[in-house]
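Just so you know, the sequences run in chain order R and C. Going left to right, the first sequence walks through residues 1 to 520 as the numbering used here numbers them. Going left to right, the second sequence walks through residues 1001 to 1442 as the numbering used here numbers them. Ideal Cβ positions, reconstructed from N, Cα and C, are used throughout, including at glycine. Please read the structure below before turning to the comments.
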Amino acid sequence: MTTAMNNVGRPTRLVAGTGAVAETFTGNKALMLEEPLLFERGSLDTSGVDLPPVPPVPDRLGGLGRDAVIGLPGFSEPEAVRHYTRLSRQNYAIDLGIFPLGSCTMKHNPRLNEKMARLPGFADIHPLQPQSTVQGALELIDVLADWLMKLTGMPAVAMSPKAGAHGELCGMVAIRAALDAKNDPRRVVLVPESAHGTNPATAAFCGFTVENIPANDRGRVDLDAMLARLGPDVAAVMITNPNTCGLFEPDLKRISDAVHAVGGYVYCDGANFNAIVGRVRPGDLGVDAMHINLHKTFSTPHGGGGPGSGPVVLSAALAPFAPIPFVRKTAKGLELVEEDTAGTHANQSFGRMVAFHGQMGMFVRALSYMMSHGADGLRQVAEDAVLNANYILASLKDLYTAPFAASGPCMHEALFSDDFLDGTGLSTLDLAKALIDEGFHPMTVYFPLVVHGAMLVEPTETESKANLDQLIGAMRHVATQMLADPDAWRTGPHFAPRRRLDETLAARKPVLAFKDSEVA
Amino acid sequence: MLATIGAASVDDLFQDVPAEAVLDGPIAGLPNHASEMAVERALVKMAGKNLTASTTPFFVGCGAYKHHVPATVDMVIQRGEFLTAYTPYQPEIAQGTLQVLFEFQTQVARLTGMEVANASMYDGSTAMTEAVFMARRITRKSKCIVSAGVHPHYTSVLKTLTRFTGDVVEAGTPVFTPGAPGDDLASLIASIDAETSCVVVQNPNLFGHVADLTPLADACHKAGALLIVVVTEIVSLGAIKSPGEMGADIVVGEGQSLGAGLLFGGPYLGLFACREKHVRQAPGRLCGETVDASGKRGFVLTLSTREQHIRREKATSNICTNSGLIALAFSAHLSLLGEKGLRHLAALNHARTVQLADRLSRMPGVTLLNGPFFNEFTLDLGREARPVVRKLAEKGVLGGVSLGRLWPGEKALANGMIVAVTETATDEDFDAYEDALDEVMA
């Protein structure tokens, strides 16, 4: 068995016979630094935090003191800084280069937003302070709400949802509450098969039955199938616009009118609002509820998987059912409507979605972005994002299979399939790993499900033409080489901090926490 | 670029937008773009209207606590490679985030005394709701009994979602047993029946009371139900026996105390830990260890067949984006503390709380309701507490949370005020609090 060494000269755990070679004593290679786990490096009696002494008073823990060792190693400050700095260098990030994940919208995160979110007046206030002491915070929420309502053309907004999927839940609960208020038993929710997985999952959580509506050969919802399915049992349709194929749904207004005519509601997944912000208002398309991912359209950082923020704009029909708390203007100033005031002013509210008031830190960042761009700049955000995506589509469609390119321009993302790799034994996954070796984060792969081996490329407005040309050049190079010599491309990536990882092993024998007994 | 595309103008690219929805220019009623300096000026002005915790004697808790966050934590989460990364869908170039999540899961599991933890939820309240749904999936029963000592906002969130899921939630009104406010363990045990999927209890509870949950765990297990323990002050686990040691099946918590700061309620950090045998019913993302093609250890997101992007309407949860960066802040803060530092921090919080509880309970008209507590206690002020809290704020003291704000309809609770004390409160803050309360009560 060969073993690679970590940087204390100790073998890391390896599978026997895999042929790993320790080329250096430490396992490091110049600036390619391996980093052991906290549990292999820290110690139980090290602390990097300086605290005042504990006053000698008898405890009042009722005999429930924690005696056994917990097992939490500590770092000194320099150890901690190095641990996390070394780990950070094993991550790709928008700060390092183009991050063209379709549907995820990885745009530049302006640093002013970070600075503003850290102002003590926003960061160092408690959610349950008396309202007279947080008027500035309520003002920020109120101003942001006003921007969101005007940008979407909708009369109300619920601010507390914590992320996009949580916003979907808010919208669908509001629809369910509106139906219940009318004793309307309809329970079917229609979801296009190209939808994000969160849509059907959310609908199911609210007690709805999900039925899929197929896409047509132009990548849009099949209008005839949709209209044919509408009826008195349909509670709502959930539709993404622009959709997950990166295409505008031109019939959304017709669908909305037809859904309303049979007594249902229209939920719009606003994940792709960044493609149309400032150019189209969803309120003009008959939408009843739409969440807005502040971490997509309005540039709050994705943070390696959150936090997000998902305010939901609501139509007049759904507004009375909005969750508490919410901010309201009164003669005495701004008021946070909670349980006590809700009884008199919002008696149809469906209740709370979260313990407190939503993602304040994300609100500050998003408002900072909106104020910086303004109504004119946000419109240009959408235009530049769409221009960049169409440039990619036009520059690759002769080589990559572009299933819907014939039906006209795309919106903010370009969709390809891996049909052009047929016969090579290679797939989208291999192409994605090859792009990693080229120094890019790959596009979104295998989503949407309506296209075989989908590759969804979203450049965002952040990227210059020079950056796009480099990505296009790399994608053309990789595809051309794969077609010419398929066998050379089955085992990437080769230059990343890790080679291809065994996801099957991870799922078959889950190791979800470190166990001390496994220390080599 | 337009020539390559074959379009005459950018407007042509929006040709699918129906004519009635086309906007000719920027949306009316909103300002145009502004300079960095102008935006900063406007937002600084808004922020200046708030009374910040660090500039005032501060004793507010109830699910969010003011702790000192080491400067290193903010440096770590502002590393662009963490801040501006996405969910680690391409693990070969996301090992930084993935290893952090693996370390975080291990820390949370050990802190709560459980075997495994997920990679985070939105906050404590949503984590609690997900735990109740998970208990239903495991036990195939749907009656959930919630202790009246659970934060009422958490119970409210649970009730919002269970209106539609078929879960039956039984939640009572808190009772002030002398020396054990909100302690309803005996009645919870009596309520457990064959239909019970789970009992949800908070420890320390909303009123600060600390209880031994072992008898409750035994009663749950005897009836085939699960015990869900909520921890809103995670620092308490540096001093108090963990829920896992007392027999919990699922532990959920609010991780805000470590790494996040107050942030007016968000973004916070939902903690979710459980037994290994139940992990396939757990919500949210899980990071697991594996090896790469050359045999090197690495980490990936795993068991994703539970999740919405694979299972769609049959998923264990609809959660997608969670609280990755706050999990990093939590993990970095906890690794800077280490076991030694966490125990010190917890002991300091407790001792300072004992000191203030003794001072305030000696004041005329003020009664301390708690026996055992950690860093939070409840006072009976002998008069309605909500105006007292407001008058304290007028004197620049943020003295606590009135029960009237949390239970607006309950007259029997109206005289109660919950006071939290952390390592950040100084002797001068104690003096200022006592003086202000003395004046307000006079």
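- Residue pairing by DSSP leaves R:ARG365 without any beta bridge partner.
- Taken atom to atom, the span from the alpha-carbon of R:PHE205 to that of R:ALA506 is near 28 Å.
- Here the C-alpha atom of C:ARG1362 lies approximately 14 Å from the C-alpha atom of C:THR1353.
- Sequence-distant Cβ neighbours of R:MET362 in its own chain, meaning closer than 6 Å and more than five residues away, are LEU294, THR300, SER309.
- For C:HIS1221, the number of other beta carbons within 10 angstroms of its own is below 16, and it is reported as exposed.
- Interface with chain R (7 Å Cβ-Cβ cutoff): C:MET1001 is included.
- Against chain R, a Cβ distance below 8 Å from C:ASN1032 picks out GLY374, ALA375, ASP376, GLY377.
- Within the stretch 1324-1398 of chain C, the complete beta strand (DSSP E) segments at least 3 residues long are 1376-1380, listed from N- to C-terminus.
- In this structure, DSSP gives C:ASN1050 an extended state, which the three-state scheme calls strand.
- Per DSSP, reduced to three states, the secondary structure at C:ALA1217 is helical.
- For R:PRO282 against R:MET411, the beta-carbon gap comes to about 14 Å, at or over 8 Å, which does not count as contact.
- Ranked by Cα distance from R:THR330, the first of R:ARG82, R:THR24, R:HIS83, R:SER132 is R:SER132.
- Residue pairing from DSSP places R:GLY74 in a beta bridge opposite R:SER43.
- Chain-ordered, the chain R residues with CB closer than 8 Å to the CB of C:ARG1352 read PRO55.
- Rounded to the nearest whole angstrom, the CA to CA distance from R:ARG279 to R:ALA382 is 7 Å.
- For R:THR462, the closest Cβ of chain C is not nearer than 7 Å.
- In the DSSP assignment, C:HIS1309 falls within the unbroken alpha helix (DSSP H) covering 1308-1311.
- Taken in chain order, the members of the stretch 1292-1310 of chain C whose beta-carbon sits within less than 9 Å of a beta-carbon on chain R are ASP1292, ALA1293, SER1294, GLY1295, LYS1296, ARG1297, GLY1298, PHE1299, VAL1300, LEU1301, THR1302, LEU1303, SER1304, THR1305, GLU1307, GLN1308, HIS1309, ILE1310.
- Neighbours of C:ARG1110 across chain R, judged by C-beta separation under 7 Å: ILE70, GLY71, LEU72.
- In summary, the residues of the stretch 1354-1376 of chain C whose CB is separated from some CB of chain R by less than 9 Å are VAL1354, GLN1355, ALA1357, ASP1358, ASN1370, GLY1371, PRO1372, PHE1373, PHE1374, in the order they occur in the chain.
- Comparing C-alpha distances from R:GLU34 to each of C:THR1106, C:GLN1099, C:LEU1345, C:SER1120 shows the shortest one belongs to C:GLN1099.
- Between R:ILE141 and R:MET159 a beta carbon distance of about 6 Å is seen, short of the 8 Å cut, so the two are scored as contacting.
- Where C:GLU1245 is concerned, there is no enclosing alpha helix (DSSP H), because DSSP gives it neither an H nor an E.
- Judged by their CB atoms, C:LEU1328 and C:PHE1082 are nearer to each other than the 7 Å cut-off.
- Residue environment analysis places R:GLN348 among the exposed positions, since fewer than 16 neighbouring C-beta atoms fall within 10 angstroms of its C-beta.
- Interface criterion met: the Cβ of C:GLU1339 is under 7 Å from a Cβ in chain R.
- For R:VAL386, the residues of chain C that pass the 8 Å Cβ criterion are VAL1010, LEU1013, PHE1014, in the order they occur in the chain.
- Contact check for C:VAL1157 against C:THR1129 passes: the beta carbons are separated by less than 7 Å.
- DSSP, read as helix, strand or coil, puts R:ASN28 in coil.
- Burial state of R:ILE125 is buried, judged by a 10 Å Cβ sphere holding 16 or more other Cβ atoms.
- Within the DSSP bridge table, the entry for R:HIS108 names no partner.
- Taking the CA atoms as reference points, R:ALA366 sits about 49 Å from C:ALA1223.
- R:TYR267 carries a strand assignment under DSSP once its states are collapsed to helix, strand and coil.
- From the beta-carbon of C:PHE1430, no residue of chain R is found nearer than 8 Å; the closest lies around 12 Å away.
- Within the model, the alpha-carbon separation for C:ARG1280 versus C:SER1147 is close to 27 Å.
- Contact annotation, C:LEU1334 with C:GLN1105: C-beta distance approximately 12 Å; criterion of less than 8 Å not satisfied.
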